[in-house]
Amino acid sequence: MAERLNADISILSGTSASVADLRAVLQRRAPLSSGAPSSLFESARPLFLFLDEIHRMAKNQQEVLLPFLEEGGFYFASATTENPNFVLAKGIVSRSLLLRFEPLAAEDLSAILDMAIRHLRSESGVDLSMSADVRTRLVRSAAGDARRLLNALELLSLEGDRAITVTDKMLDGLPAMAVRYDRKGDDHYDVISAFIKSMRGGAGDAVLYWLARMIAAGEDPRFIARRIVICAAEDVGLANPHALVVAQAAFDSVDHVGMPEGCIPLAEAALYVARSPKSNSAYDGINRALADVEKGDVLEVPVHLRGDPYTAEGYIYPHTHPEEAGKQKYLPEPRTYYRPNPKDRPV
Numbered sequence: 012m013a014e015r016l017n018a019d020i021s022i023l024s025g026t027s028a029s030v031a032d033l034r035a036v037l038q039r040r041a042p043l044s045s046g047a048p049s050s051l052f053e054s055a056r057p058l059f060l061f062l063d064e065i066h067r068m069a070k071n072q073q074e075v076l077l078p079f080l081e082e083g084g085f086y087f088a089s090a091t092t093e094n095p096n097f098v099l100a101k102g103i104v105s106r107s108l109l110l111r112f113e114p115l116a117a118e119d120l121s122a123i124l125d126m127a128i129r130h131l132r133s134e135s136g137v138d139l140s141m142s143a144d145v146r147t148r149l150v151r152s153a154a155g156d157a158r159r160l161l162n163a164l165e166l167l168s169l170e171g172d173r174a175i176t177v178t179d180k181m182l183d184g185l186p187a188m189a190v191r192y193d194r195k196g197d198d199h200y201d202v203i204s205a206f207i208k209s210m211r212g213g214a215g216d217a218v219l220y221w222l223a224r225m226i227a228a229g230e231d232p233r234f235i236a237r238r239i240v241i242c243a244a245e246d247v248g249l250a251n252p253h254a255l256v257v258a259q260a261a262f263d264s265v266d267h268v269g270m271p272e273g274c275i276p277l278a279e280a281a282l283y284v285a286r287s288p289k290s291n292s293a294y295d296g297i298n299r300a301l302a303d304v305e306k307g308d309v310l311e312v313p314v315h316l317r318g319d320p321y322t323a324e325g326y327i328y329p330h331t332h333p334e335e336a337g338k339q340k341y342l343p344e345p346r347t348y349y350r351p352n353p354k355d356r357p358v
């Protein structure tokens with residue numbers, strides 16, 4: 012980018028750069044509005060500042076950039092492995108174009124694997140070969156990360172002297188690759204979202220996979236259990252009210268039993284919720300009522316429903332007069348919040 016822009020590049024890292032370092036670099040820029048001759052600055056070419064690992068800097072340190080970004084006169088780019096919306100100062104996010112880099116596709120990793128094998132052959136004299144199935148497994152185990160793939164390949168290159176045929180047994184012997192999952196980043200939100208949507212959609216196999224992904228990565232099991240409870244109430248609802256009981260039982264079991272055995276009640280509850288008929292009538296109903304209340308639509312309590320025995324009169328007790336009680340008003344004006352779903356279980 013700096014070459015395309017004919018700019019002088021300066022690279023800093025959030026792991027080591029200080030506020031003083033940032034200021035020192037940015038003082039070299041030529042402000043667009045200054046009108047000063049270029050001889051007053053170190054270079055007639057514009058400055059391109061690249062700040063790697065920007066999330067390693069505290070937000071108050073990042074904010075040192077704001078007045079410089081406001082004034083302009085230089086090019087700026089940064090990189091982070093975290094979600095910028097969580098780890099960057101809001102002022103920087105609002106002044107930036109955010110580009111998300113996705114994990115590498117299998118064909119990309121396969122091309123990198125070929126390059127690495129050729130490099131080993133030419134530089135180290137190690138000739139690695141493998142079957143198509145083993146190759147597919149190796150690429151898949153990298154989970155879109157080229158560094159994982161290259162680390163695994165480097166270990167495999169130490170299995171013999173020159174000619175090495177990689178086998179499934181050799182892959183089994185590799186140290187387990189860490190599950191790509193960040194409890195505070197995108198993976199945390201993306202995987203739990205996939206888990207919930209799989210329960211809502213009744214996809215049992217997907218439910219178990221995303222659950223296993225979270226458990227293997229060390230996600231808090233109580234967090235998982237809470238999401239199952241919410242899904243039981245929100246998505247299953249009145250179509251099978253017992254799902255909420257099962258989900259709450261799983262939550263209590265995890266709290267008392269702990270892990271790893273706690274994964275069993277989690278799996279049981281998640282599958283029960285996934286297999287249950289679905290109705291969100293309770294969820295929709297309370298949201299409609301809350302929307303009215305929150306916009307200031309406050310109804311007066313009818314006199315016959317009030318709690319003060321001296322002012323309340325006219326209340327019909329349903330146990331003694333069931334027919335008349337069914338006709339009395341419980342709201343001062345008609346409202347429709349609960350809209351029964353055909354799947355709601357009769358009581």
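Quick note, this note's numbering runs 11 ahead of the 1-based positions in the sequence shown. C-beta atoms are modelled at their ideal positions from N, C-alpha and C, and glycine is treated no differently.
Notebook entry, point to check: Below 8 Å, can you find three or more Cβ-Cβ pairs linking the stretch 154 to 167 to the stretch 112 to 132?
Noted result: yes
Next item on the list: Report the residue ranges of all alpha helix (DSSP H) runs contained in full by the stretch 193 to 230; include only those spanning at least 4 residues, in chain order.
Entry: 197 to 212 and 215 to 227
Check: Would the beta-carbon of Leu219 fall within 8 Å of that of Ile235?
Finding: As a working mapping, residue 219 is identified with position 208 in the sequence shown. As a working mapping, residue 235 is identified with position 224 in the sequence shown. It is not a contact, given that the beta carbons lie outside the stated cut-off.
Margin query: Please state whether the Cβ-Cβ distance between Ala117 and Val150 is less than 8 Å.
Written below: If you number the sequence shown from 1, residue 117 lands on position 106. If you number the sequence shown from 1, residue 150 lands on position 139. Yes.
Next item on the list: Figure out for me which residue from Ala250, Asp156 and Asp308 has the closest Cα to the Cα of Ser290.
Entry: Position 279 of the sequence shown, counted from the first residue, corresponds to residue 290. Ranking Ala250, Asp156 and Asp308 by Cα distance to Ser290 puts Ala250 first.
Note to self: Is it buried or exposed, Val137, if we count other Cβ atoms within 10 angstroms and call 16 or more buried?
What the structure shows: Here residue 137 refers to the residue found at position 126 when the sequence shown is read from its first residue. Buried: at least 16 other Cβ atoms inside 10 Å.
Next item on the list: Would you check if the stretch 253 to 262 and the stretch 270 to 290 touch, i.e. whether three or more CB-CB distances between them fall below 8 Å?
Entry: yes
Item checked: Spatially closest choice to Ser209 from Val247, Gly229, Leu182 and Ala227, by CA coordinates -> Translated into positions along the sequence shown, residue 209 becomes position 198. The shortest Cα separation from Ser209 among Val247, Gly229, Leu182 and Ala227 belongs to Val247.
Notebook entry, point to check: CB-CB under 6 Å to Asp63, same chain, minus the five flanking residues each way: which ones, in chain order?
Noted result: If you number the sequence shown from 1, residue 63 lands on position 52. Only Ser24 and Ala90 meet the Cβ criterion.
Notebook entry, point to check: Are at least three pairs of beta-carbons, each pair with one atom in the stretch 303 to 315 and one in the stretch 334 to 345, less than 8 Å apart?
Noted result: yes
Next item on the list: Pull up the DSSP beta-bridge partners for Ile22, would you.
Entry: For this step, residue 22 is matched to residue 11 along the sequence shown. Per DSSP, Phe61.
Check: Along the chain, which unbroken stretches of the beta strand (DSSP E) at least 3 residues long are found entirely within the stretch 105 to 141?
Finding: 138 to 141
Checklist line | Bridge partner(s) assigned by DSSP for Ser89 | finding: By one-based count along the sequence shown, residue 89 stands at place 78. DSSP output for Ser89 lists Leu62 as bridge partner(s).
Check: Going along the chain, which residues of its own chain have a beta-carbon closer than 8 Å to the beta-carbon of Gly296, five neighbours each way excluded?
Finding: Reading the sequence shown from its first residue, position 285 is the one you call residue 296. Within the same chain, Gly296 has close Cβ partners Tyr348, Tyr349 and Arg350.
Item checked: contact_flag[the stretch 165 to 174, the stretch 137 to 146] where n(CB pairs < 8 Å) is 3 or more -> yes
Next item on the list: Go through its chain and collect everything with a Cβ distance to Val36's Cβ below 7 Å, but skip five positions before and after it.
Entry: For the purposes of this step, residue 36 is taken as the residue at position 25 of the sequence shown. So the list reads Ser21, Leu23 and Leu60, once near-sequence residues are dropped.
Item checked: Straight-line gap, Val360 to Ser135 (C-alpha atoms, nearest Å) -> Residue 360 lies beyond the residue range present for the chain, which begins at 12 and ends at 358; the question has no answer from this structure.
Note to self: List, from N- to C-terminal side, the alpha helix (DSSP H) runs of 4 residues or more that fit wholly inside the stretch 321 to 351.
What the structure shows: 333 to 336
Next item on the list: Since I believe Val257 is in contact with Tyr283 (beta carbons under 8 Å), could you give me their beta-carbon distance rounded to a whole number of angstroms?
Entry: Numbered from its first residue, the sequence shown carries residue 283 at position 272. Numbered from its first residue, the sequence shown carries residue 257 at position 246. Confirmed, Cβ separation roughly 5 Å.
Margin query: Using DSSP's beta-bridge definition, name the partner residues of Ala174.
Written below: The residue labelled residue 174 in the question sits at position 163 within the sequence shown. Partner(s): Asp138.
Item checked: Closest Cα partner of Pro357 within the set Glu279, His253 and Arg237 -> For the purposes of this step, residue 357 is identified with residue 346 of the sequence shown, where counting begins at 1. Ranking Glu279, His253 and Arg237 by Cα distance to Pro357 puts His253 first.
Check: In whole angstroms, what separates the C-alpha of Leu16 from that of Asn96?
Finding: Here residue 16 is taken as the residue at index 5 of the sequence shown, counted from 1. Here residue 96 is taken as the residue at index 85 of the sequence shown, counted from 1. One C-alpha to the other measures close to 28 Å.
Next item on the list: May I have the straight-line CA-CA distance separating Arg39 from Thr26, to the nearest angstrom?
Entry: Position 28 of the sequence shown, counted from the start, is the residue given in the question as residue 39. Position 15 of the sequence shown, counted from the start, is the residue given in the question as residue 26. Taking the straight line from one Cα to the other gives about 22 Å.
Item checked: Host alpha helix (DSSP H) of His267 (start-end) -> Sequence index remark: in the sequence shown, residue 267 carries index 256 (1-based). Element bounds for His267: His253 to Val268.
Note to self: Quick test of your reading: Ala18 and Leu58, contact by CB under 8 Å. State the CB separation rounded to the nearest angstrom.
What the structure shows: What you label residue 18 is simply residue 7 of the sequence shown in a count that begins at 1. What you label residue 58 is simply residue 47 of the sequence shown in a count that begins at 1. With a Cβ gap of about 6 Å, Ala18 and Leu58 count as contacting.
Checklist line | Inter-residue Cα distance where the pair is Gly102 and Leu33 | finding: As a first step, residue 102 is located in the sequence shown; it is residue number 91 there, counting from the start. As a first step, residue 33 is located in the sequence shown; it is residue number 22 there, counting from the start. Going by the C-alpha atoms only, they are around 17 Å apart.
Next item on the list: Determine the contact status of Arg286 and Gly212, defining contact as a CB-CB distance below 8 Å.
Entry: As a working note, residue 286 is residue 275 in the sequence shown. As a working note, residue 212 is residue 201 in the sequence shown. No, the pair does not count as a contact, with Cβ atoms beyond the cut-off.
Check: Looking at Ala280 and Ile239, is the spacing between their C-beta atoms short of 8 Å?
Finding: Your numbering for residue 239 matches position 228 in the sequence shown. Your numbering for residue 280 matches position 269 in the sequence shown. The answer is yes: Cβ separation under 8 Å.
Item checked: Distance, Arg56 Cα to Ser50 Cα -> On the sequence shown, residue 50 is found 39 positions in, with the first residue counted as 1. On the sequence shown, residue 56 is found 45 positions in, with the first residue counted as 1. Per-residue confidence for Ser50 stands at a pLDDT of 45, beneath the threshold of 50, marking its modelled position as unreliable; no derived number is given.
Note to self: Just verifying my parser: in three-state terms, what is the DSSP assignment at Arg317?
What the structure shows: Taking the sequence shown and counting its residues from 1, the one referred to as residue 317 is at position 306. Of the three classes helix, strand and coil, the one that applies to Arg317 here is coil, per DSSP.
Margin query: Could you tell me the alpha carbon to alpha carbon distance between Gly83 and Gly307, rounded to whole angstroms?
Written below: For the purposes of this step, residue 83 is taken as residue 72 along the sequence shown, with counting starting at 1. For the purposes of this step, residue 307 is taken as residue 296 along the sequence shown, with counting starting at 1. If you take the alpha carbons of Gly83 and Gly307, they lie about 46 Å apart.
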